[in-house]
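Colleague:
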Amino acid sequence: MNRSRVGLAVVAVAAVLAVSWALRATWHAAPHSGGDNAAYVALADALLDGRGYTEVWDPAAPPHTKYPPVFPLALAAAIGLGATTWGALKGVPLLFGLVALAGTVGWGWRRRGPLWGVLAALLTGWSAAFLHYAHYLLSDVPFLAFTVVALWLVERRRSDEWGEVVGAPPPRSEEGDAAPAAPGSVAVAAALGVAGLAWFTRSAGLPLLLAIGLWLVLSKRWRAAAAGAVVLGVPSVWWLLRARNAVGDGAYDREFWMVNPYQPELGEIGLFGLVPRAVENAMGYLGGHLPAALTGSGEGVALAGIAAGFLALIGWGRAVAREIGPAELFAPLYTALILVWPVVWSGDRFALPLVPLVIVYAGEALAWGVARFRADVAVPAMVTSVLVLLAVQGAGVAYAAGVSGDCRAAARVGGPWACSGMGMVQFTEAARWAGENVPEGSATLTRKPRIWYAMGGTPTRTYPFLADPDSLLAVAARAGATYVVLDGVAGQARLLAAAIAARPSAFCSVAGFGGAGGGLRTELLGILPSTGEAAVEGDQVTLAACPAAMRGSGAALTPYRSSMPIPILSSSPSP
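So this is what it looks like as structure tokens:
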């Protein structure tokens, strides 16, 4: 074994150990405080129970059309194998994370050689976005895995280092120069299949399908392009047609045109409104989301993002000048998509699929730039750059490890939801209480319907974000809801409180959670039959107790622990 192979082996082992340590140090069993993770669990549970791909948390149980089914199917497989706690199910995105890193190694290896592949995977594995989303029941890391594996399968074998590692020389042209080897038919078919899985994991996977399809057309591989269009077109058309008649959580196409999907009263934008949205998003990604995805938050991250983005753009431009491959098509298509996405949705999670590409493109630009002026310092310059980025990332990893350690300590005392604050603890306790006490089939208006359902099993729908009692009662009537939760989870609760205060005779008190010593308190309220207009007497609103039939038995709950199954996955009722 020559010196280069020994060096590569040492770097590879060090990279594996570094990423393993980072994943372990930042792990905790707490679920994500957003509703997506609970939605995926509920969808997986519905599939296992034979209820179909439906929004089982909604009183009407409509077909689900917002999240494609691949990730819920993966969770369903894990649940079928016995994973029923939040922590156990986190093994699914973690496994996808390992696939993503392996795919990054393969893509970087084919593109520039094994050392590039290993270092790209190391820098991706230490990126803040990867470490964050690899520990939550979200589709971001599975989507990253499918993306880089698909790009790996159709990447040309360009590196002169290939033969040195595997014991065979790279392909040669008739002139004797190294010539990139085109992927074969099996690799192309596999890439199309994996790209299809990406598309059915996240709606944002469409640019990957388009990129590979366009590359096949540009390469005049007509049979593969036609076969891919037919095989993937049929399920894609089915999914798009299914989404047209969405009546539940809805599909992205309706929320896409809203100024802010969380504030529908702000209205919608037109086609020309996409331009200022794209500009605002571009500034946000370059100065915040991209550096946050690479290194985490902190001083100087904006500068790091601008530098990385600028270098990556140069590297991408040089790659396009040499040869347009699937990665060169995917990068601008995906970037264009996330730039026209609603600003409130923008964040490091959407930048995550670009992290390996930014690292490699920026590295290629840096190597080219340094070599132009002084070739003998190109390698030391690249090594220094990698070490500097690792040092910056290391500070982010250390911070994330500290946060995760605090979360683990809090979870040991207050359960997994303690990491998300007292408001979420009370909210989930109210959900569990309602699951045991309210009459069967009763529906509730809440701020986090999917978490409410996962933790209690009772149907629920989001209350309107308006300080208007008529709107609140109208939504309750359409949902058949007889309860509403005044929570301490999000700012929209102040609008709900104002609506309740404007017509207190329409509501009654069922149960309260927390509030000791005048602290935060979550209220489960009943919705009474309409009694007409009611005036508020004074500044203080006091609600009467609900009828006994609405209050249930009032059975107390034992504390919820990380080792306990998610309530809707439990084979026995909550205690």
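Residue 290 in the numbering used here is what sits at position 45 of the sequence shown, and the numbering runs on without skipping anything.
Every residue gets a Cβ at the ideal spot worked out from N, C-alpha and C, and that includes glycine.
Small disclaimer: the values here were computed from a predicted structure and weren't measured.
Taking the alpha-carbon positions, what's the alanine 801 to serine 808 distance?
Modeller: 20 Å
Colleague: Using only CA atoms, which one of Leu690, Ala712, Ala699 lies nearest to threonine 727?
Modeller: Leu690
Colleague: Between the stretch 669 to 684 and the stretch 700 to 712, are three or more C-beta pairs nearer than 8 Å?
Modeller: Counting Cβ pairs under 8 Å, three or more are found: they touch.
Colleague: Only counting runs of 3 or more residues, tell me where the beta strand (DSSP E) segments fall wholly within the stretch 646 to 676, in order along the chain.
Modeller: none
Colleague: From what residue to what residue does the beta strand (DSSP E) around serine 754 run?
Modeller: 752 to 759
Colleague: Going by DSSP, what residue range makes up the alpha helix (DSSP H) through tyrosine 698?
Modeller: Its alpha helix (DSSP H) spans residues 694 to 701.
Colleague: Under 6 Å: does the beta carbon of threonine 629 sit that close to some heavy atom of the ligand NAD?
Modeller: The ligand content of the structure shown is nil, which means the ligand NAD is not present either.
Colleague: Among Ser430, Cys791, Phe445, which residue has its Cα nearest to the Cα of leucine 389?
Modeller: Comparing C-alpha distances from leucine 389 to each of Ser430, Cys791, Phe445 shows the shortest one belongs to Phe445.
Colleague: Under three-state DSSP, which class holds tyrosine 298?
Modeller: coil
Colleague: In whole angstroms, what is the alpha-carbon distance linking histidine 273 and phenylalanine 375?
Modeller: 15 Å
Colleague: Would DSSP call arginine 357 helix, strand or coil?
Modeller: helix
Colleague: Of the choices Leu539, Ser649, Gly512, whose alpha-carbon is the least far from that of proline 587?
Modeller: Comparing Cα positions, the closest option is Gly512.
Colleague: Is it right to say asparagine 247 is buried, meaning 16 or more other beta carbons lie within 10 angstroms of its own, or is it exposed?
Modeller: exposed
Colleague: As a quick exercise: from Ala440, Val363, Ala793, pick the residue whose alpha carbon is nearest that of leucine 451.
Modeller: Ala440
Colleague: Pull the bridge partners of valine 344 from the DSSP assignment, please.
Modeller: Answer is none; valine 344 lacks a bridge partner.
Colleague: To the nearest angstrom, report how far apart alanine 319 and valine 337 are at their CA atoms.
Modeller: 7 Å
Colleague: In or out: lysine 335 buried (at least 16 other Cβ within 10 Å) or exposed?
Modeller: buried
Colleague: Can you tell me whether glycine 771 is helix, strand or coil according to DSSP?
Modeller: strand
Colleague: Pull up the distance between the alpha-carbon of valine 363 and that of valine 504, whole angstroms please.
Modeller: 42 Å
Colleague: Once you ignore the five residues that flank leucine 597 on each side, which residues in its own chain have a CB closer than 7 Å to its CB?
Modeller: Once the five neighbours on either side are set aside, the close Cβ partners of leucine 597 are Ala374, Phe375, Tyr378, Asp385, Leu389, Ala538.
Colleague: Thinking C-alpha only, which one of Val615, Ser649, Leu339, Gly458 is nearest alanine 472?
Modeller: Gly458
Colleague: Would the beta-carbon of aspartate 290 fall within 7 Å of that of isoleucine 813?
Modeller: At the C-beta level, aspartate 290 and isoleucine 813 come within 7 Å of one another.
Colleague: Measuring only the C-alpha atoms, how far is isoleucine 604 from alanine 395?
Modeller: 18 Å
Colleague: Would you tell me roughly how many angstroms separate the C-alpha atoms of alanine 612 and valine 628, rounded to the nearest one?
Modeller: Alanine 612 and valine 628 have their C-alpha atoms roughly 10 Å apart.
Colleague: Got a sec? Which residues, its chain only, sit under 7 Å from glycine 421 by beta carbon, not counting five neighbours each side?
Modeller: Low local confidence applies: a pLDDT of 45 at glycine 421 is under 50, so the model's placement there is unreliable, with the coordinate-based value given in what follows. Nothing listed; no residue qualifies.
Colleague: Could you check which residue in Tyr579, Cys753, Ala742, Ala721 has the C-alpha nearest to that of serine 198?
Modeller: Absent from the structure is residue 198, since the part of the chain shown begins at 246 and ends at 820.
Colleague: Per the contact definition of three or more C-beta pairs closer than 8 Å, is the stretch 680 to 694 in contact with the stretch 704 to 715?
Modeller: yes
Colleague: Quick check on this structure: which residue in Pro480, Ala284, Gly348 has the alpha carbon closest to the alpha carbon of leucine 383?
Modeller: Ala284
Colleague: Relative to the C-alpha of glycine 733, which residue among Thr767, Trp397, Val637 is closest?
Modeller: The residue with the shortest Cα to Cα distance from glycine 733 is Thr767.
Colleague: Specify the secondary structure class of leucine 802 as computed by DSSP and reduced to three states.
Modeller: coil
Colleague: Could you check what DSSP says for valine 394 in three-state terms: helix, strand or coil?
Modeller: In this structure, valine 394 counts as helix in the three-state DSSP scheme.
Colleague: Starting from valine 730 and walking both ways along the beta strand (DSSP E), at which residues does that stretch end?
Modeller: 726 to 731
Colleague: Arginine 706 lies in the beta strand (DSSP E); which residues open and close that run?
Modeller: Its beta strand (DSSP E) spans residues 705 to 707.
Colleague: Rounded to whole angstroms, what is the Cα-Cα separation between valine 261 and alanine 636?
Modeller: 17 Å
Colleague: Please list, in chain order, all residues of the same chain as alanine 456 whose beta carbon is under 7 Å from its beta carbon, the five residues on each side excluded.
Modeller: Apart from sequence neighbours up to five positions away, the residues of its chain that approach alanine 456 with a beta-carbon distance below 7 Å are Pro571, Leu574, Phe575, Leu578, ordered along the chain.
Colleague: Give the DSSP-derived three-state secondary structure of threonine 691 in the structure shown.
Modeller: strand
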